[in-house]
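In the numbering used here, the protein residues as written are -9 to 178. The beta-carbon is built from N, C-alpha and C at its ideal position, and this holds for glycine as well. Please read the structure below before turning to the comments.
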């Protein structure tokens, strides 16, 4: 196990390095810190946020993006998606954890970093994604399931809010009703 705060999986830790500029305009590492993890669903998954933005395009002047990111994290109200911005999140999935069918109102890039994961869709389709594979989730109802008996899976997600999606005259907004706990649905 990693010594990173709150980490529950057997996968290695993550350190976040945020770059910036010195007064001469040279690139520097402005902050460096280990990821802080939060467990969900009886420790069958854990999340850590790498970074958020709250507007698009991001405003890097005078560290406006960094200040807003810190404000969003300190408020403790970040959902799966950050309105008008982006969320970079790591998720560790326990072996044989229960899949949670859900939909976010966002365009998501989900990249498998370690292990394998099944992507389950509400149509009944499923695909096995392996290390290095990417899923581009376009506001679809989906779930993730780690089929391994023993190994954890780690994914990196980048979520960007999208306009409301309408299919067949029906508005398909965020749907977290199948999440097992209100903690998962309300505080990620």
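Discussion item. Rounding to the nearest angstrom, what Cα-Cα distance links residue 5 and residue 158 in this structure?
Written reply: Along the chain shown, read from residue 1 onward, the residue named residue 5 stands at position 15. Along the chain shown, read from residue 1 onward, the residue named residue 158 stands at position 168. Approximately 44 angstroms between the Cα atoms of the pair.
Practice prompt. Could you pull out every residue in the same chain whose Cβ sits closer than 7 angstroms to the Cβ of residue 109, ignoring the five residues on either side in sequence?
Written response: Counting from 1 along the chain shown, the entry for residue 109 is found at position 119. Contacts found: 116, 117, 119, 125, 132, 134.
Fill in: Contact set for residue 27: own chain, Cβ-Cβ below 6 angstroms, skip 5 residues either direction
By 1-based counting over the chain shown, the position of residue 27 is 37. The answer, listed in chain order, is -4, -3, 36, 38.
Discussion item. Which complete beta strand (DSSP E) runs does the region 134 to 164 hold, if anything under 3 residues is left out?
Written reply: Listed in chain order, the beta strand (DSSP E) elements of length 3 or more contained wholly in the region 134 to 164 are 143 to 151.
Discussion item. I'd like to know if the region 147 to 156 and the region 47 to 65 are in contact, where contact means that at least 3 CB-CB pairs between them fall below 8 angstroms.
Written reply: No, the region 147 to 156 is not in contact with the region 47 to 65.
Item to complete: Identify which residue in 95, 90, 71, 101 has its Cα closest to the Cα of residue 112.
Response: For the purposes of this step, residue 112 is taken as the residue at position 122 of the chain shown. Just measuring C-alpha positions, the residue of 95, 90, 71, 101 sitting nearest residue 112 is 90.
Discussion item. Tell me the rounded alpha-carbon separation between residue 31 and residue 87.
Written reply: Within the chain shown, the letter at position 41 stands for residue 31. Within the chain shown, the letter at position 97 stands for residue 87. C-alpha separation (whole angstroms): 9 angstroms.
Practice prompt. Report all residues from its chain with a CB closer than 7 angstroms to the CB of residue 21; omit the five preceding and five following residues, and keep chain order.
Written response: Position 31 of the chain shown, counted from the start, is the residue given in the question as residue 21. Excluding sequence neighbours, residue 21 sits near 8.
Practice prompt. Might you give, ordered along the chain, the residues of its own chain that have their beta carbon closer than 8 angstroms to the beta carbon of residue 139, omitting 5 neighbours on each side?
Written response: For the purposes of this step, residue 139 is taken as residue 149 along the chain shown, with counting starting at 1. Same-chain partners within the cutoff: 85, 86.
Worksheet item: What number of angstroms, rounded off, separates the C-alpha of residue 99 from the C-alpha of residue 60?
Response: In the chain shown, the residue the question calls residue 99 occupies position 109. In the chain shown, the residue the question calls residue 60 occupies position 70. Roughly 23 angstroms separates the two Cα atoms.
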